[in-house]
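Its first residue numbered 253, the sequence shown is counted upward by one per residue in the working numbering. Step one of this worksheet: look at the structure below.
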Amino acid sequence: MLLTVSAFAQSGTLTGSVIDSKNGEQLIGANLLLEGTNIGAATDLDGKFIIKNIAAGSYNLFASMIGYTKVTVTGIVIKPNEIMETNISLSPEAYQTEEVIISAKLILNNENSLLKFRQKSNSVSDAISSELISRMGSSNAADAMNKVTGVSVVSGKYIYVRGLGDRYSSTQLNGTELPSADPDKKSFNLDLFPANILDNITTIKSFTPDKPGSFSGGIVDISTKKYPDKFTLNFSSSSSFNSLTTFNSEFLTYSGGSKDWLGYDDGKRSLPALLADPGAKLPSPNSSRRNSELAYQLDELTKSFNPEMSPISKSAPVNQSYSFSMGDQYLLFNKPLGFTASFSYNRDYKYYDGGAVGRWELSGKYKDAASLNNYMYLSDSKGVDEVLMGGIVNLAFKAHPNHDISLKALYTRSGESTARFQEGKWDYQLGEDPIYQTRSLLYTERNLNTYQLNGEHFFSALGNLNAQWIASFSSTQQNEPDLRFFSNDYQVEAESGERIYSININSYNAPTRFFRKLSEENKIFNLDLSLPFYQWNGLKGKLKFGGAYQKIGRSFTERRFELRSSNAVYSGDIKNYFVDQAGIIDSSNNRYLFGTYIFDASSSRNNYSGDQTISAGYLMFELPVSENLKFISGARYEITDMTVESADTNQRKGILDNNDLLPSAALIYQLQENMNLRASYGKTLARPNFREMAPFRSFEFLGDFQFVGVPDLKRTLIDNFDLRWEWFERPGELYAVSAFYKNFQNPIERTLDPTTEVINYQNVERGSIYGAEFEIRKRLDVLHNSLSNFMFNINFSLIRSKVDIPKDEYEVNIFPQDSSASKTRPLFGQSPYLVNLELSYFNTETGTTVGLFYNIFGSRLSEVTLGATPDVYEQPRGIFDLTFSQKMWFGFNFKFSAKNLLNSPVKKTIEFKGNNFIYHQYNTGRSFSVGVSYSI
253 MLLTVSAFAQ SGTLTGSVID SKNGEQLIGA NLLLEGTNIG AATDLDGKFI IKNIAAGSYN
313 LFASMIGYTK VTVTGIVIKP NEIMETNISL SPEAYQTEEV IISAKLILNN ENSLLKFRQK
373 SNSVSDAISS ELISRMGSSN AADAMNKVTG VSVVSGKYIY VRGLGDRYSS TQLNGTELPS
433 ADPDKKSFNL DLFPANILDN ITTIKSFTPD KPGSFSGGIV DISTKKYPDK FTLNFSSSSS
493 FNSLTTFNSE FLTYSGGSKD WLGYDDGKRS LPALLADPGA KLPSPNSSRR NSELAYQLDE
553 LTKSFNPEMS PISKSAPVNQ SYSFSMGDQY LLFNKPLGFT ASFSYNRDYK YYDGGAVGRW
613 ELSGKYKDAA SLNNYMYLSD SKGVDEVLMG GIVNLAFKAH PNHDISLKAL YTRSGESTAR
673 FQEGKWDYQL GEDPIYQTRS LLYTERNLNT YQLNGEHFFS ALGNLNAQWI ASFSSTQQNE
733 PDLRFFSNDY QVEAESGERI YSININSYNA PTRFFRKLSE ENKIFNLDLS LPFYQWNGLK
793 GKLKFGGAYQ KIGRSFTERR FELRSSNAVY SGDIKNYFVD QAGIIDSSNN RYLFGTYIFD
853 ASSSRNNYSG DQTISAGYLM FELPVSENLK FISGARYEIT DMTVESADTN QRKGILDNND
913 LLPSAALIYQ LQENMNLRAS YGKTLARPNF REMAPFRSFE FLGDFQFVGV PDLKRTLIDN
973 FDLRWEWFER PGELYAVSAF YKNFQNPIER TLDPTTEVIN YQNVERGSIY GAEFEIRKRL
1033 DVLHNSLSNF MFNINFSLIR SKVDIPKDEY EVNIFPQDSS ASKTRPLFGQ SPYLVNLELS
1093 YFNTETGTTV GLFYNIFGSR LSEVTLGATP DVYEQPRGIF DLTFSQKMWF GFNFKFSAKN
1153 LLNSPVKKTI EFKGNNFIYH QYNTGRSFSV GVSYSI
């Protein structure tokens, strides 16, 4: 014991920091080793290191890090009981690139590094790495986001953060906002991003002024893969089987084009050339009756349309997925040039039978009604053939040690062919006896082209000023060629049992076809400048300022044609009606009679254009008040000029003209080296999108509610409060507890009016949401050493919300029928709870990975029903997945996954006096996938 004390008394300490000699950034994870000993250390998150208990003497110190030239510091003298300080600069190796330098500072594609990033972040954030995405067997970004704390995915595509709908989230690609390819949604379709191009996905949940102000739930920032420091190549292929779809001979589809497998129509669905001119006038049967030229013109136009109007059945093949990526680096003018390129292709088939669609309303007073009245109930079958393909190219050139330029080009394309058949009762329109049948044949193709030019510059002569800029151009197209809707009804004669068919255009539309095109361009320029400074204690702070400009232009056009009947009779024979009775059916006696004929039912109201310009400037600072306390504050000023204009000049314009000051403040207190306490406030906003303000009508099937935009919508202002405690106990491990509160002014909700069968949006005066989040990531070796390869991850959120029901709606439509009704309801799309569970096994020696995942959300408000009829809620759906991965020989890897093992249905219901009434319900089936990949 005395010898030990004496040894410690003769020792000293070495401290210091390691920085990049080219840009002055602190290097995290640099290795330090004293020559001739096994004593060393690694730099922490601030680039600092400390080596204690060094015996007195003279030493050489080795400093090394991946991507940097090894440095030896000689003649370091350690004196007893003294602290020696040395600061070391490492220079990048001659053949390395900017990406390697960044990767060396912090690799953000594995869980350990992402947790370090979260620990140093100025905002409340959560993230998921490519490592975990692969472990879960996720095929795209939307699939992966299900496992992020407080996040749920709606319709397999759209992100809800903390239970808030898509309008309260923003999607970015490498820090730049992405446009939405879906005109009905604000958030970007995350299923367009294949998993193999992802590096990580970060969800930022608290506002800082250097971020766009148009979010409250969160910003989802998708970071694409960086290039490696050596040649890499990866190829993967997988096939999957779905229990409801694969090899099912009842799969619904219809005849498409020869290029459907590539995600676009080859022209088979295009509008006939004779009608390409929107100003073209179609003859009518009356004007053509004794005019042969007009008669044959109308006959030719009618027969120029594809007569296929009903789904066909055929067997669905297995789903397919392929991906390829490669990367390398070269020298250009003796300067490093790096690149990565990736491409992926997926084709999925989805089918359900036995689904149901119901429409209900409350008649009379709530207390007197025993049940809801059913005015529509249809069985529902649907087949979807979806192609998703995407590619990305990334080029980076380091022309000077302090100046980096990179160019990214992203291309994604999707094509979705849908065939649907529904049948049942529609008493509201047809009475009790007739059976209603409706068919839908749909095709939607979307593509996104994005180009990003990025620059980062370091100016030591200007006080170590750091400048980052991004110029981005995106173009989005959505083409819906020849959407076809065909309905009829029939009655069964009591004596003969014969079906008597009819097409009742007084109750529903005649057979209808739509041709829609949407085009959008998005131009963005961001400039961020940061300048370090030192406060009164010599601690380093940062002043950050900059600006942003965004201009979006959208155009939407629709042509609508109805196949009307002059002398045709529908007998249930679809071919006879649409082929044999099409056009001229009698030309005797110099008189032309028509069976069915085409009619142009297009309306200028259903065409619109939109423009939005957002200009912003911000100023913020990061001030270290003490060693353990950091204060971040500032403000952002945004100017919004948005106009949505219908081609029908009689319709009101939708206009947003707002100037908003968005302040922010945050405190981060480091309770100990690996533990933080965060508190923040930020003011943000949410804008309606173009579609919600455009006054045109659309629907999913004939007889369904029609969606109509509202030009008078206002933007929403939100006050956001966040509190989080987080403990990064060991590398890759985390405990976190968060609380949040949000106050909404003029929140927007989706409403359904059963009396007019119209769905639209409205502002309500006030709303609020509050909740808590809990997250644990823990290796299980704390229970027993034999469990060291097991990882447990749980995150769950508890959320409550309410909005005030508009006074007129409550007093006129609700209270007279239900005097006990509440004056508030939940926020639209909000889930009261979200749960994600993971139990994983990793064995690095054998290359084996096994994961079990469970996800569930609480019932969330899906449709607000105007009046006393209860609202529509989407019911909880528990998803249980299993993944298995095994490394094999020569760079090959085998993967297996089983998804939705519980076969949980998608269900939307209306609850009334303890009973649930089906609004929409269907199953998705269980899916099993096997795949193999090769990497070098």
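Glycine residues also receive a C-beta, built at the ideal position from the N, C-alpha and C atoms. Remember, predicted model here, so these are calculated numbers, not experimental data.
Practice item. In the DSSP assignment, find the unbroken beta strand (DSSP E) run with Tyr213 in it and report its ends. Key: Lying outside 253 to 1188, the shown extent of the chain, residue 213 is not represented and no answer is given.
**Study point:** Closest residue to Asp679 among Glu613, Lys660 and Thr664 (Cα-Cα distance)
**Key:** Counting from 1 along the sequence shown, the entry for residue 679 is found at position 427. Nearest of Glu613, Lys660 and Thr664 to Asp679, Cα basis: Glu613.
Check your understanding: Do you know whose CA, among Asn1047, Phe1105 and Phe767, lies nearest Phe557's CA?
Key -> Position 305 of the sequence shown, counted from the start, is the residue given in the question as residue 557. Looking at the Cα atoms, Phe767 is the closest of the given residues.
**Study point:** Which of helix, strand or coil DSSP assigns to Glu874
**Key:** In the sequence shown, the residue the question calls residue 874 occupies position 622. It is a strand residue.
Check your understanding: For Asn1095, does the count of other Cβ atoms within 10 angstroms reach 16, so buried, or fall short, so exposed?
Key -> For the purposes of this step, residue 1095 is taken as residue 843 along the sequence shown, with counting starting at 1. It counts as exposed.
Point to revise | Whole-angstrom distance between Asn1152 and Ile1170, CA atom to CA atom | key: Stepping through the sequence shown from its first residue, residue 1170 is reached at position 918. Stepping through the sequence shown from its first residue, residue 1152 is reached at position 900. Approximately 22 Å, taken between the alpha carbons.
Review point. Below 8 Å, can you find three or more Cβ-Cβ pairs linking the region 790-800 to the region 867-878?
Key: yes
Exercise for review: Find out if the Cβ-Cβ distance for the pair Thr664, Gly642 is shorter than 8 Å.
Suggested key: For the purposes of this step, residue 664 is identified with residue 412 of the sequence shown, where counting begins at 1. For the purposes of this step, residue 642 is identified with residue 390 of the sequence shown, where counting begins at 1. Yes, the Cβ-Cβ distance between Thr664 and Gly642 is below 8 Å.
Check your understanding: In whole angstroms, what separates the C-alpha of Leu914 from that of Leu717?
Key -> Position 662 of the sequence shown, counted from the start, is the residue given in the question as residue 914. Position 465 of the sequence shown, counted from the start, is the residue given in the question as residue 717. About 25 Å.
Review point. In terms of alpha-carbon separation, which member of Gln689, Gly984 and Asp1123 lies closest to Asp632?
Key: In the sequence shown, residue 632 corresponds to position 380, counting from 1. For Asp632, the nearest C-alpha among the options comes from Gln689.
Check your understanding: What is the rounded straight-line gap between the Cα of Met1192 and the Cα of Thr476?
Key -> Summary: the structure shown does not reach residue 1192, with the chain confined to residues 253 through 1188, and so no result is reported for it.
**Study point:** Three-state secondary structure (DSSP) of Ile755
**Key:** Position 503 of the sequence shown holds residue 755. Coil at Ile755, not helix or strand.
Point to revise | Uninterrupted beta strand (DSSP E) stretches inside the region 809-847 (no shorter than 3 residues) | key: 836-838
Review point. Which residues bound the alpha helix (DSSP H) around Asn538?
Key: As a working note, residue 538 is residue 286 in the sequence shown. Taken as a continuous stretch (DSSP letters only), the alpha helix (DSSP H) holding Asn538 covers Pro537 to Ser540.
Check your understanding: Where do the ends of the alpha helix (DSSP H) carrying Ser1074 lie?
Key -> For this step, residue 1074 is matched to residue 822 along the sequence shown. Looking at the DSSP string, Ser1074 is not in any alpha helix (DSSP H), and its letter there is neither H nor E.
Check your understanding: Is the Cβ-Cβ distance between Tyr320 and Leu342 less than 8 Å?
Key -> Translated into the one-based positions of the sequence shown, residue 320 becomes position 68. Translated into the one-based positions of the sequence shown, residue 342 becomes position 90. Cβ atoms of Tyr320 and Leu342: closer than 8 Å.
Exercise for review: Within 10 angstroms of the Cβ of Gln193, are there 16 or more other Cβ atoms? Answer buried if so, exposed if not.
Suggested key: Since the first residue of the chain shown is 253 and the last is 1188, residue 193 is not available in this structure.
**Study point:** Cα-Cα separation between Val986 and Tyr760, rounded to whole angstroms
**Key:** Indexing the sequence shown from 1 puts residue 986 at position 734. Indexing the sequence shown from 1 puts residue 760 at position 508. Note that residue 986 is Leu in the sequence shown, not Val. Rounded to the nearest angstrom, the two C-alpha atoms are 57 Å apart.
Check your understanding: If you drop the 5 nearest sequence neighbours on each side, which residues of the same chain put their C-beta closer than 6 Å to that of Tyr958?
Key -> Locating residue 958 in the sequence shown gives position 706, counting from the first residue. Residue 958 is actually Gln in this sequence, not Tyr. These residues qualify, in order along the chain: Arg949, Phe951 and Val1010.
Review point. Is Leu1154 helix, strand or coil when you go by DSSP?
Key: To locate residue 1154, count along the sequence shown from 1; it is residue 902. Coil.
Practice item. Give the straight-line distance between the Cα atoms of Pro535 and Pro733, rounded to the nearest whole angstrom. Key: For this step, residue 535 is matched to residue 283 along the sequence shown. For this step, residue 733 is matched to residue 481 along the sequence shown. Between Pro535 and Pro733, the C-alpha separation is close to 23 Å.
Check your understanding: At a cut of 8 Å, does the region 932-942 reach the region 448-468 through at least three beta carbon pairs?
Key -> yes
Practice item. Please determine if the region 1107-1123 and the region 1071-1081 are in contact, where contact requires at least 3 C-beta pairs separated by less than 8 Å. Key: yes
Exercise for review: For the beta strand (DSSP E) containing Gln704, list its first residue and its last residue.
Suggested key: Along the sequence shown, read from residue 1 onward, the residue named residue 704 stands at position 452. Ile687 to Phe711 is the span of the beta strand (DSSP E), which, as asked, contains Gln704.
Review point. Among residues of its own chain, excluding the 5 on either side of Leu881, which ones have a beta-carbon nearer than 6 Å to its beta-carbon?
Key: Translated into positions along the sequence shown, residue 881 becomes position 629. Here the set comprises Tyr921.
**Study point:** Tyr629 to Ser594 span [Cα, whole Å]
**Key:** Residue numbering aside, residue 629 sits at position 377 when the sequence shown is read from its first letter. Residue numbering aside, residue 594 sits at position 342 when the sequence shown is read from its first letter. So the alpha carbons of these two residues sit roughly 47 Å apart.
Point to revise | Coil, strand or helix - Thr289 by DSSP | key: Along the sequence shown, one-based indexing puts residue 289 at 37. Thr289 falls in the coil class under three-state DSSP.
Review point. Looking at C-alpha atoms only, which residue of Thr702, Gly1183, Ala547 and Glu810 is the closest neighbour of Pro530?
Key: Residue numbering aside, residue 530 sits at position 278 when the sequence shown is read from its first letter. Pro530 has its Cα closest to that of Glu810, out of Thr702, Gly1183, Ala547 and Glu810.
**Study point:** Contacting residues, own chain, Cβ-Cβ under 7 Å from Thr497 (five flanking each side not counted)
**Key:** Sequence index remark: in the sequence shown, residue 497 carries index 245 (1-based). Result list for Thr497: Phe503, Ala568, Tyr601, Lys602, Tyr603 and Gly1177, in chain order.
Practice item. Starting from Pro784, follow its DSSP beta bridges and name the residues at the other end. Key: Against the sequence shown, residue 784 aligns to sequence position 532. BP columns for Pro784 point to Lys794.
Exercise for review: Measure how close the beta-carbons of Gln424 and Leu430 come, nearest whole angstrom, since I'm counting them as under 8 Å.
Suggested key: As a first step, residue 424 is located in the sequence shown; it is residue number 172 there, counting from the start. As a first step, residue 430 is located in the sequence shown; it is residue number 178 there, counting from the start. Yes, Gln424 and Leu430 are in contact; Cβ-Cβ is about 6 Å, under 8 Å.
Practice item. Quick one: give me the first and last residue of the beta strand (DSSP E) that Phe883 is part of. Key: Residue 883 sits at position 631 when you count from the first residue of the sequence shown. Where Phe883 is concerned, the enclosing beta strand (DSSP E) stretches over Leu881 to Ser898.
Practice item. Could you give the DSSP three-state label for Phe1067: helix, strand or coil? Key: What you label residue 1067 is simply residue 815 of the sequence shown in a count that begins at 1. In this structure, Phe1067 counts as coil in the three-state DSSP scheme.
Point to revise | Distance, Gly835 Cα to Asp551 Cα | key: Numbered from 1 along the sequence shown, position 299 holds the residue referred to as residue 551. Numbered from 1 along the sequence shown, position 583 holds the residue referred to as residue 835. Approximately 4 Å, taken between the alpha carbons.
**Study point:** DSSP state of Ala608 mapped onto helix, strand, coil
**Key:** Here residue 608 refers to the residue found at position 356 when the sequence shown is read from its first residue. Correct three-state label for Ala608: strand.
Exercise for review: With DSSP collapsed to three states, give me the class of Trp1141.
Suggested key: Counting from 1 along the sequence shown, the entry for residue 1141 is found at position 889. Three-state result, Trp1141: helix.
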